[in-house]
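Asks: Input: one structure, supplied below.
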Amino acid sequence: MKKYQLNLVLTQVEPLNERYALIKARPQEGPLPEMVPGQFAQLRIEGSATTFLRRPISIHFVDEAQGEVWFLVQVVGDGTRRLVSMKPGDVLDTLLPLGNGFTVPSPDDGPCLLVGGGVGIAPLLYLGACMKRSGGQPVFLLGARKASDLVELPLFRRYGPVHVTTEDGSMGEKGFVTQHSLLQAQRFAHISVCGPGPMMKAVAAYARRQDIACEVSLENMMACGLGACLCCVEDTQHGHVCVCKEGPVFNINQLKWQI
Amino acid sequence: MADLSVKIGNLRLKNPVMTASGTFGYGLEYADFVNLADLGGIIVKGTTLNPREGNPYPRMAETAQGMLNCVGLQNKGVDYFCTHIYPLIKDVDTAMIVNVSGNSPEDYAACAARINELPGIPAIELNISCPNVKQGGMAFGTSPEGAASVVRAVRAAYDKTLIVKLSPNVTSITDIALAVQDAGADAVSLINTLMGMAIDAERRKLVLSIGTGGLSGPAVKPVALRMVYQVARAVHIPVIGLGGISSATDAVEFLLAGASAVQIGTANFIDPSVSVKVVRGIDDYLVRHGFASVQDIVGLL
Numbered sequence: 001m002k003k004y005q006l007n008l009v010l011t012q013v014e015p016l017n018e019r020y021a022l023i024k025a026r027p028q029e030g031p032l033p034e035m036v037p038g039q040f041a042q043l044r045i046e047g048s049a050t051t052f053l054r055r056p057i058s059i060h061f062v063d064e065a066q067g068e069v070w071f072l073v074q075v076v077g078d079g080t081r082r083l084v085s086m087k088p089g090d091v092l093d094t095l096l097p098l099g100n101g102f103t104v105p106s107p108d109d110g111p112c113l114l115v116g117g118g119v120g121i122a123p124l125l126y127l128g129a130c131m132k133r134s135g136g137q138p139v140f141l142l143g144a145r146k147a148s149d150l151v152e153l154p155l156f157r158r159y160g161p162v163h164v165t166t167e168d169g170s171m172g173e174k175g176f177v178t179q180h181s182l183l184q185a186q187r188f189a190h191i192s193v194c195g196p197g198p199m200m201k202a203v204a205a206y207a208r209r210q211d212i213a214c215e216v217s218l219e220n221m222m223a224c225g226l227g228a229c230l231c232c233v234e235d236t237q238h239g240h241v242c243v244c245k246e247g248p249v250f251n252i253n254q255l256k257w258q259i
Numbered sequence: 001m002a003d004l005s006v007k008i009g010n011l012r013l014k015n016p017v018m019t020a021s022g023t024f025g026y027g028l029e030y031a032d033f034v035n036l037a038d039l040g041g042i043i044v045k046g047t048t049l050n051p052r053e054g055n056p057y058p059r060m061a062e063t064a065q066g067m068l069n070c071v072g073l074q075n076k077g078v079d080y081f082c083t084h085i086y087p088l089i090k091d092v093d094t095a096m097i098v099n100v101s102g103n104s105p106e107d108y109a110a111c112a113a114r115i116n117e118l119p120g121i122p123a124i125e126l127n128i129s130c131p132n133v134k135q136g137g138m139a140f141g142t143s144p145e146g147a148a149s150v151v152r153a154v155r156a157a158y159d160k161t162l163i164v165k166l167s168p169n170v171t172s173i174t175d176i177a178l179a180v181q182d183a184g185a186d187a188v189s190l191i192n193t194l195m196g197m198a199i200d201a202e203r204r205k206l207v208l209s210i211g212t213g214g215l216s217g218p219a220v221k222p223v224a225l226r227m228v229y230q231v232a233r234a235v236h237i238p239v240i241g242l243g244g245i246s247s248a249t250d251a252v253e254f255l256l257a258g259a260s261a262v263q264i265g266t267a268n269f270i271d272p273s274v275s276v277k278v279v280r281g282i283d284d285y286l287v288r289h290g291f292a293s294v295q296d297i298v299g300l301l
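Protein chains in written order, with our numbering: chain R, 1 to 259; chain Y, 1 to 301.
Following this line, the structure appears as structure tokens:
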């Protein structure tokens with residue numbers, strides 16, 4: 001897919017809780033390029049002394065009617081703090097769409113499970129929307145430390161049932177996503193995962209035991225985002241490959257995870 | 001518009017702006033952002049005789065106005081380059097220059113000999129300055145004898161333009177530059193990255209998989225400028241300046257310091273179209289100051 005260096009004008013910056021914010025933006029000029037779920041953008045952040053490189057952020061949703069792309073941003077350091085303190089009307093220099101997205105399985109394969117942890121829920125909203133649009137039946141399983149970390153649940157429910165785990169039991173079932181009763185109750189044709197490494201490995205191990213096709217989205221530290229610098233490599237069956245270019249989404253069988 | 005063309009050995013570049021090895025892939029990765037034909041040249045990713053997997057992840061740490069990397073020359077080897085990549089890049093209308101690395105003078109020479117056969121590659125850049133590999137790399141580039149031994153071996157096997165990329169991790173970079181000039185180099189490029197380190201205080205661990213990495217980006221520019229200035233006054237072959245260039249003003253500073261051409265490296269990660277902006281900006285500078293040619297400002301201090 002053709003990549004663009006695009007100035008986006010922010011239309012909305014909405015804090016969702018103390019750590020997450022939703023940013024909506026549209027191109028300063030021209031149409032929004034086509035994007036697929038699981039791809040990401042490299043955002044240039046101005047005015048932060050400690051932020052030298054662009055920040056890779058998932059495509060959270062594409063609102064075609066409004067011509068807007070959404071980003072779900074977790075504040076981690078000074079760069080992301082600057083990002084979420086931008087105002088509507090501010091201009092964001094972006095490179096997009098980058099990388100390869102998730103597979104959208106055929107609806108005939110049966111229901112698909114979309115597992116998200118923390119800010120890793122970001123790409124799953126657009127993925128669920130694309131699955132539903134193509135006639136599929138996405139089911140969400142979202143995990144967090146506590147209830148207030150779970151955001152946008154009504155948005156996810158537009159596209160499929162939403163199941164929740166929290167580590168403190170403040171919402172949904174208590175524990176980790178892999179302990180949720182849904183996994184005993186229902187058989188899925190395909191699992192798509194994005195979240196912290198240990199969570200993705202636990203879900204990947206479950207998928208392998210159950211012989212279910214499974215894709216995970218990695219977030220290795222990147223510099224260029226274009227497959228040029230070879231910094232973000234993951235060890236795979238084909239040797240070291242760039243997560244930014246060959247991923248960020250990988251079928252677990254491509255990876256050398258000990259699961 | 002001023003005359004932007006420059007000559008490096010027998011190689012004529014349409015303008016003095018190239019992209020640095022390891023920061024621009026094979027050029028194709030940037031083709032959506034840059035008209036590659038607008039560049040003076042592209043130095044493609046470091047190539048070795050045999051395939052290399054490079055160092056384990058993590059390989060990168062962001063620093064103040066820069067970054068550390070310890071990629072470790074990951075590449076699929078010269079045979080793969082010749083059969084799979086060369087056909088894709090040979091018709092790009094700019095100087096496609098291959099960065100060559102190795103473990104021994106014989107290694108370097110064998111790799112260079114393969115590339116000598118490719119009519120679409122008018123020059124190589126010899127990497128005797130990679131800080132991220134145990135054998136070869138910087139080991140050759142840190143002594144005049146070691147540097148000369150590699151250049152002599154390659155010179156015997158390679159008859160097109162031979163650029164030698166120098167390490168800043170030395171006491172006297174001019175001694176190395178003079179040694180490679182005497183051994184047959186047509187030009188020198190400097191600087192490669194400065195060896196550095198990053199530590200994660202919270203985890204009490206080294207950030208990079210091999211502990212150390214090469215520092216690049218605006219943070220290194222003053223060091224690079226000083227070294228280009230010193231080397232340009234010591235040698236009679238052309239000097240190609242690089243190290244932290246991210247604007248046309250930066251590039252002009254290197255030309256004034258004595259560089260005949262420049263390379264843009266890490267800045268490509270921040271702005272993938274910065275290289276062509278630098279070309280335009282150099283032209284603007286020359287016109288604004290009444291210079292007819294970029295060659296008029298080389299070493300003009």
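Built from N, CA and C at the ideal position, the CB exists for glycine as well.
Given a threshold of 16 other Cβ atoms within 10 Å of its Cβ, counted over all protein chains shown, does Y:Q263 qualify as buried or as exposed?
Replies: Under this definition Y:Q263 is a buried residue.
Asks: Any heavy atom of the ligand ADP closer than 7 Å to the beta-carbon of R:Q66?
Replies: Annotation note on the ligand ADP: not contained in the displayed structure, which lists no ligands.
Asks: At least one CB of chain R closer than 8 Å to the CB of Y:P58: is that the case?
Replies: Cβ-Cβ to chain R under 8 Å: yes for Y:P58.
Asks: Suppose contacts are defined by Cβ-Cβ distances below 8 Å. Is R:A41 in contact with R:L98 by that definition?
Replies: A contact, by the Cβ cut-off of 8 Å.
Asks: Taking contact to mean at least 3 C-beta pairs separated by less than 8 Å, is the segment 44-62 of chain Y in contact with the segment 88-108 of chain Y?
Replies: At 8 Å Cβ cutoff, the stretches touch.
Asks: Within the 8 Å Cβ cut-off, does Y:T349 reach chain R?
Replies: No answer is possible for residue 349 of chain Y: the residues shown for chain Y start at 1 and end at 301.
Asks: Can you give me the C-alpha to C-alpha distance between Y:D182 and Y:A148, rounded to a whole angstrom?
Replies: Between Y:D182 and Y:A148, the C-alpha separation is close to 8 Å.
Asks: Taking 7 Å as the limit between beta carbons, can you name the residues of its chain near R:R44, skipping five residues before and five after?
Replies: Closer than 7 Å at the Cβ level, and outside the excluded window around R:R44, lie R54, D93.
Asks: Suppose only complete runs of 4+ residues qualify. What are the alpha helix (DSSP H) ranges in the segment 74-159 of chain R, listed by chain order?
Replies: 78-84, 122-133, 153-157, all fully within the segment 74-159 of chain R.
Asks: Counting Cβ pairs closer than 8 Å, one from the segment 52-62 of chain Y and one from the segment 9-27 of chain R, do we hit at least three?
Replies: No contact exists between the segment 52-62 of chain Y and the segment 9-27 of chain R.
Asks: In chain order, which beta strand (DSSP E) runs of at least 3 residues are fully inside the segment 161-244 of chain Y?
Replies: Counting whole runs of 3 or more residues, the segment 161-244 of chain Y contains the beta strand (DSSP E) stretches 161-165, 187-190, 194-197, 212-216, 239-241.
Asks: Is Y:C82 closer than 8 Å to Y:T212 when the C-beta atoms are compared?
Replies: No, these two residues do not count as a Cβ contact at 8 Å.
Asks: Shorter than 8 Å from the beta carbon of R:L230 to some beta carbon of chain Y?
Replies: True, the Cβ-Cβ gap to chain Y drops below 8 Å.
Asks: When DSSP labels each residue in this structure, what does R:L230 get in the three-state scheme?
Replies: R:L230: coil per DSSP, three-state reduction.
Asks: Using a beta-carbon distance below 8 Å, is R:A41 in contact with chain C?
Replies: Structure shown: chain C not included; protein chains present are R and Y.
Asks: Just the C-alpha distance for Y:R152 and Y:S189, rounded to the nearest angstrom, thanks.
Replies: Using only the alpha carbons, I get a separation of about 17 Å.
Asks: Which residues does DSSP list as the beta-bridge partners of Y:N99?
Replies: Looking at the DSSP assignment, Y:N99 forms a beta bridge with Y:E125.
Asks: Measuring only between beta-carbons, confirm whether Y:I270 sits less than 8 Å from chain R.
Replies: Taking Cβ atoms only, chain R reaches closer than 8 Å to Y:I270, which makes this a yes.
Asks: So that I know if they touch, is there some Cβ in chain R lying closer than 8 Å to that of Y:S273?
Replies: By this cut-off, Y:S273 is an interface position.
Asks: Do you know offhand how far R:V193's Cα is from R:E215's?
Replies: If I take the Cα positions, the gap works out to 6 Å.
Asks: Between the Cα of R:G197 and those of R:G117, R:R187, R:P161, R:L22, spot the shortest distance and give me the residue it belongs to.
Replies: Considering only alpha carbons, the answer is R:G117.
Asks: Under three-state DSSP, which class holds Y:I89?
Replies: Three-state result, Y:I89: helix.
Asks: Name, please, each residue of chain Y whose Cβ falls closer than 9 Å to the Cβ of R:E234.
Replies: The contacting residues are Y57.
Asks: Taking R:P33 and R:G67 to be in contact with their CB atoms under 8 Å, please state how far apart those CB atoms are, rounded to whole angstroms.
Replies: Actually they are not in contact, since the Cβ atoms of R:P33 and R:G67 sit about 11 Å apart, beyond 8 Å.
Asks: Find the residues of chain Y that neighbour R:N100, judging by a C-beta separation of less than 7 Å, and give them in chain order.
Replies: Going along chain Y, no residue has its Cβ under 7 Å from R:N100, so there is no contact; the nearest lies around 15 Å.
Asks: Strictly under 8 Å for the Cβ-Cβ distance: is R:C224 near chain Y by that measure?
Replies: Yes, because at least one Cβ of chain Y sits closer than 8 Å to the Cβ of R:C224.
Asks: If you follow the alpha helix (DSSP H) that Y:E253 is in, where does it begin and where does it stop?
Replies: Start and end: 248-257.
Asks: Counting only Cβ pairs nearer than 7 Å, list the residues of chain Y close to R:L95.
Replies: By Cβ distance, chain Y contributes P272.
Asks: I believe Y:L39 touches Y:T19 by the beta-carbon criterion, under 8 Å. Please report the beta-carbon distance rounded to the nearest angstrom.
Replies: Contact flag correct, Cβ pair sits at about 6 Å.
Asks: If contacts are defined as beta-carbon pairs under 8 Å, then Y:T23 and Y:L215 qualify, I think. What distance do you get, rounded to the angstrom?
Replies: With a Cβ gap of about 14 Å, Y:T23 and Y:L215 do not count as contacting.
Asks: Is the Cβ-Cβ distance between Y:L126 and Y:V170 less than 8 Å?
Replies: No, the pair does not count as a contact, with Cβ atoms beyond the cut-off.
Asks: Mapping DSSP to helix, strand and coil, what is R:P248?
Replies: Here R:P248 sits in strand by DSSP.
Asks: Can you grab the Cα-Cα spacing for the pair Y:N116 / R:F250, in whole Å?
Replies: Spanning the two alpha carbons is a distance of roughly 38 Å.
Asks: Touching or not, the segment 198-211 of chain Y and the segment 236-256 of chain Y, by the rule of three or more beta carbon pairs under 8 Å?
Replies: No, they do not touch.
Asks: From the beta carbon of R:M221, is the nearest beta carbon of chain Y less than 8 Å away?
Replies: Chain Y, which has a Cβ nearer than 8 Å to the Cβ of R:M221, makes this yes.
Asks: Beta-carbon within less than 6 Å of R:D168's beta-carbon, same chain only, minus the 5 sequence neighbours each way: which residues are those?
Replies: Here the set comprises K146.
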